[in-house]
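See below for the structure under consideration.
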Amino acid sequence: MTHTLSAKHTDAPPATRRRLTVSPRARSIVEKLVGAGIVLWGAATAAFLAQVALPGDRATTILNVRSGQTQLRTPEELAPINAEYGLQDPVLVQYLDYLGGLLRGDLGISYQQHRPVWGIISEQVGATLALTAVTLVLAWVIMVFWVTLTAGRGPRIRAFGSGVDTVTAGLPPYWLGILLLLVFALGLGWFPVIGGTGVNGIVLPALTLAIPLAGFMGQATRTEFERSLDAPFVLTARMRGMGDVGIRLRHVLRHAVLPAVTLSGWAIGATISGAVIVESLFTRPGIGSVLITAVDSQDLPVVTGVVVLVAATYVVANLLVDLAYTLIDPRMKNS
Amino acid sequence: MTILDLNAKHIADLSAKRPVRLSVENLNVGFERNGSLRPVVKNVSFDLEAGQCVAIVGESGSGKSVTARTLVGLTGANAVVDAGSIRLGDDDLTALSSKRWRSIRGRRIGFILQDALVSLDPLRPVGKEIEEALALHGWGNRASRKRKVLDLLASVGVPSPRNRARQRPDELSGGLRQRALIASALALDPEIVIADEPTTALDVTVQAQVLLLLEEMKQRGVSIILISHDLSVVAHLADQILVMSGGEVVEQGTAHQILTDPQHPYTRSLINAVPSRKTRGSRLAPAPAAAPVHTAAHANDEHASFDGPVLEASGLVKHFTAPDGSRTTAVDDVSFTLGRGETLGIVGESGSGKSTTARIALALEEADAGTVRLLGQDWSAVPETRRRRLRKQISVVYQDPLSSFDPRWNTERILLDSLPAGAFTTAASKRERVLALLAQVGLPDTVLHRFPLQLSGGQRQRVAIARALAPSPSIVVLDEAVSALDVSIQAQILDLLVDLQKQFGLSYLFISHDLGVISHLSDRVLVMKDGAVVESGTADQVFTAPAHPYTQELLGALPSLDEHRAVSLWPGAASVHSATEGSTP
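First to last, the protein sequences are chains A and B.
With the numbering used here applied, the first sequence covers 1 to 335.
With the numbering used here applied, the second sequence covers 1001 to 1585.
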């Protein structure tokens, strides 16, 4: 291991030459952006195909959604709708119109509310993004605190620490949410029962999502933390007189969080989808409630908009993760 | 005044000149597990004077590292330390609070571990690590610490310290990062430095530089405790040597006594175990309990009917393209032949292209130019489907068998899997072959049901050799096959390789960075540097009359059992501070 590594790094290149003038850094950024574009295009296409593939005449559906009735419509009634949404065009034309709209930031017109989807989403997205951000921060704080406190501390504490990780990772959010509501809102009265967008109102919903996430990330971090505690560089640090707390915080933690950073990319996306349950439980505004209403009423452009938005969040989150990763482990820059 | 008084006064005078810095008396260490105590260090006593070096020598598990770690209070969990006394100057180290220990570690006793690639935090610049040692003990302020870091790096011979301090261990060459590790241990000018295998896994020239650096520290008055499995490494630095085996000090005395007149058989075996040109043809380890087993199972018709070089490589070239688009020539026009029953040694430092050459010879890597012929037949130039028939003629043993074994397979399954397909049809004949292979490599049947992690390093390497022998090959490629072993175990494996070669007429392609091993085993030698062969010839030519300066440098850097060598370790290297090494880009 050490030999192959040192061999790789002392391979001082006596005969190196550059074939391309593009710097490796720039090339990897371009590659990542192209990859991100392909993911977004795939998500948008899947959402579009789902709309087209739904049974029934779409113009009829739109009229029924708007009026809240279920009945057959005459061609005269359908004509303006077909014209408005371009439903008589060939599917390929509709698809290209749709993609063109996406590129301009136009997500289409809601069937039900008869106004741009972008407007509906942008009113609500702030609350969800705030919830996601607070969730992620809380999950990290809980996870880092718990792992640093319990990892590699002798068999009993270790078993207890990782047991708590496993149990919390498996908690269903709606159950946890109800429990938190009962104890901290209804019982102790520390937090409002109905969420709202205030600072106080975000704590319980965020905890509902953060606790299972902290347990999940904690499992990965703990393994790496204990591996690093045994590493020779930790012994070297002890040999120069460093105490246990310093070693855990200044050396080991940085190595141990790498897997959790990777998971965070997934977690940001998952939290936005997870927001559906929590937002309805705590009656918070947000994308979750938009999505539920839209699915209930078959308001497909809105559903599509949310899907594309979630995909975009995933892509952005993973780009951020890559960035964070190279900051924490600068060795990644070269590979 | 009586003679006794005079003696006492004389001794007092001596100790006044050279004060005892560290005094260890009857140190016992054990590890407690499930209520029972397993002793690992028994009754170790020694005195370390100012500017002196005490070496503790022994193989893995002898208790030498545990002894060293106990001296800084880091024996480990579940350890029970019982000492008559351990005195550092005027302080008693046997009953210290953990806070007092922390003030001693780094400040009064520095510690150097092996392999700075993993012994320095791989995510941080080396300068930060050195600065941390200063900051922990409240040395200076931020700005003065930064300056001190640069001074320290310069003092251990790191060129352009300002740039190097900002680099991580993986960005520095092996020698530079080991120097940085030493600088971090020297940061607070400790009275004592403990070096635990400080040169293991380093190339010989780098090893020589590190030893020279320790020598300089010693001359500046630092006391050194040097831990090694290799007597030749400690020979010229140590004033006093403790030889440990099984937790006990089997022999203790001045370096001169131990090296020139060893009393204990174990010490003698350690001295004999060091391979060199002079040991060629003689055994390195005490004779094994069982005589080599002669079996007729090494059936190899193809080999028997073939006359001529078993392996011929001509004009091999291999380039690698790094992720950033730069190209490296790993192998540059390498040619060689390997005769039947012959050993060809390829020697070079890390990055010289020797392992890539071996991989091309094994047809695991495709060369960009050049050809390899195996037993006179096309080997490198034909598709793998046509090679398959010949595959059993060439096999390989690597440095670290642990990573080339499936950890969930026991020895029996590893060996059964290595038998050539179709050669053994019944379960009984397979089992018979496996037992014969075990006997050939000198392992008892009891290892059959053990897993790789349950075997010792030497046993694992024997299993790897048995696996390589399983298809009855003509050629065995040994790629650093003994480099990770302690000298005493290495001696046994080298003896085994010589026996097997005689018995089966094997040809060895022996790759190593260790000239001692190469010169002990090889008939002919290739010296490689930066992908090219700089010198080749018979072992005698190359080692007695080296023509190329690089070969001369390698030979000069080779540690030997001659004690108290002149400070200049190789010709032409006036100073270790010369900026011959840079960092990799």
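Ideal Cβ positions, reconstructed from N, Cα and C, are used throughout, including at glycine.
Problem - Length of the line joining the Cα atoms of Q1490 of chain B and T236 of chain A - result: 28 Å
Practice task
Could you tell me whether the Cβ of A1133 of chain B comes closer than 7 Å to any Cβ of chain A?
Solution key: Interface flag for A1133 of chain B against chain A is set, since a Cβ pair is found closer than 7 Å.
Exercise for the section: Give the C-beta separation of A367 of chain A and V308 of chain A to the nearest angstrom, bearing in mind that I take them to be a contact with Cβ-Cβ under 8 Å. Expected result: The shown model of chain A, from 1 to 335, leaves out residue 367 of chain A, and the question about it has no answer.
Practice task
Express the C-alpha separation of L207 of chain A and V199 of chain A in angstroms, rounding to a whole number.
Solution key: 13 Å
Exercise for the section: Classify W41 of chain A as buried or exposed, calling it buried when 16 or more other Cβ atoms lie within 10 Å of its own Cβ. Expected result: exposed
Exercise for the section: Compute the Euclidean distance between the alpha carbons of D1486 of chain B and E1032 of chain B, then round it to the nearest angstrom. Expected result: 27 Å
Handout entry: Whole alpha helix (DSSP H) elements within the region 1094-1161 of chain B, 4-residue minimum
Key = If we require 4 residues or more, the alpha helix (DSSP H) runs fully inside the region 1094-1161 of chain B come out as 1098-1104, 1116-1119, 1126-1136, 1142-1155.
Practice task
Note down, in chain order, every chain A residue with its Cβ under 9 Å from the Cβ of F1031 of chain B.
Solution key: The contacting residues do not exist; F1031 of chain B stays about 15 Å from chain A at best.
Problem - DSSP state of Y325 of chain A mapped onto helix, strand, coil - result: If DSSP states are grouped into helix, strand and coil, Y325 of chain A belongs with the helices.
Problem - DSSP state of A1296 of chain B mapped onto helix, strand, coil - result: Because A1296 of chain B carries a pLDDT of 47, less than 50, the predicted location of this residue cannot be relied on, and the following value inherits that uncertainty. Residue state, collapsed to three classes: coil.
Practice task
Determine the direct distance from the alpha carbon of A1255 of chain B to that of A1428 of chain B, and round the result to whole angstroms.
Solution key: If you take the alpha carbons of A1428 of chain B and A1255 of chain B, they lie about 55 Å apart.
Practice task
State whether the region 1074-1088 of chain B contacts the region 213-229 of chain A, with contact taken as three or more CB pairs (one from each stretch) at a distance under 8 Å.
Solution key: no
Problem - Under 7 Å from the C-beta of D329 of chain A: neighbouring residues of chain B - result: L1123
Problem - 6 Å CB neighbourhood of V1397 of chain B in its chain, flanking five on each side removed - result: Contacts found: A1464, I1465, A1468, L1478, A1481.
Problem - Stretch-stretch touch, CB-based, cutoff 8 Å, three pairs: the region 1150-1168 of chain B with the region 1226-1242 of chain B - result: no
Problem - Bounding residues of the alpha helix (DSSP H) (the contiguous stretch that carries M1217 of chain B) - result: 1204-1219
Handout entry: Within chain B, the residues that G161 of chain A reaches when beta carbons sit closer than 8 Å
Key = None at all; the shortest Cβ gap to chain B is about 17 Å.
Practice task
Report yes or no: is there a C-beta of chain B within less than 7 Å of the C-beta of R284 of chain A?
Solution key: no
Exercise for the section: Could you pull out every residue in the same chain whose Cβ sits closer than 6 Å to the Cβ of I1225 of chain B, ignoring the five residues on either side in sequence? Expected result: V1054, I1194
Exercise for the section: Compare the C-beta of R1018 of chain B against all C-beta atoms of chain A and say whether one is closer than 7 Å. Expected result: It does not; no Cβ of chain A falls within 7 Å.
Exercise for the section: Could you check what DSSP says for A1579 of chain B in three-state terms: helix, strand or coil? Expected result: The predicted model places A1579 of chain B with a pLDDT of 38, which falls under 50 and marks its position as unreliable, so this point remains unresolved.
Handout entry: Residues of the region 219-236 of chain A whose Cβ lies closer than 9 Å to any Cβ of chain B, in chain order
Key = A231, P232, F233, V234, L235, T236
Exercise for the section: Please list the partners that R240 of chain A has in chain B, where partner means a Cβ-to-Cβ separation under 8 Å. Expected result: Neighbours of R240 of chain A on chain B, chain order: R1105, G1106, G1110, F1111, E1132, A1133, L1136, S1184, A1185, A1187.
Handout entry: For L1506 of chain B, the three-state DSSP class (helix, strand or coil)
Key = Coil at L1506 of chain B, not helix or strand.
Handout entry: the region 1327-1343 of chain B in contact with the region 1268-1275 of chain B per 3-pair CB rule at 8 Å
Key = no
Exercise for the section: With V1250 of chain B as the anchor, note down where its beta strand (DSSP E) starts and where it stops. Expected result: Segment 1248-1254, the beta strand (DSSP E) holding V1250 of chain B.
Exercise for the section: Tell me, please, whether the CB atom of G152 of chain A is closer than 7 Å to any CB atom in chain B? Expected result: No, G152 of chain A lies away from the interface with chain B (no Cβ there is under 7 Å from its Cβ).
Exercise for the section: Compute the Euclidean distance between the alpha carbons of D1618 of chain B and M332 of chain A, then round it to the nearest angstrom. Expected result: For chain B, the structure presents residues 1001 to 1585; residue 1618 of chain B sits outside this window and is missing.
Exercise for the section: Just grab the DSSP bridge partners of N1588 of chain B for me. Expected result: Chain B is shown only over 1001 to 1585; residue 1588 of chain B falls outside these bounds and no answer can be derived.
Handout entry: Identified DSSP bridge partners for L54 of chain A
Key = Answer is none; L54 of chain A lacks a bridge partner.
Problem - Sequence ranges, alpha helix (DSSP H) only - wholly within the region 161-243 of chain A, length at least 4 - result: 173-180, 199-229, 232-239
Practice task
Evaluate L249 of chain A with the Cβ neighbour count: other Cβ atoms within 10 Å of its Cβ, from every protein chain shown; 16 or more gives buried, anything less gives exposed.
Solution key: exposed
Problem - Straight-line gap, R227 of chain A to L204 of chain A (C-alpha atoms, nearest Å) - result: About 34 Å.
Practice task
Determine the chain B residues that contact G355 of chain A at a beta-carbon separation under 8 Å, and present them in chain order.
Solution key: Any property of residue 355 of chain A remains undetermined from this structure, which presents chain A solely from 1 to 335.
Problem - Reference A260 of chain A, options A:T326, A:T168, A:P192, A:M143, closest by Cα - result: A:M143
Practice task
Report yes if the C-beta distance between Q1209 of chain B and G1175 of chain B is below 7 Å; otherwise report no.
Solution key: yes
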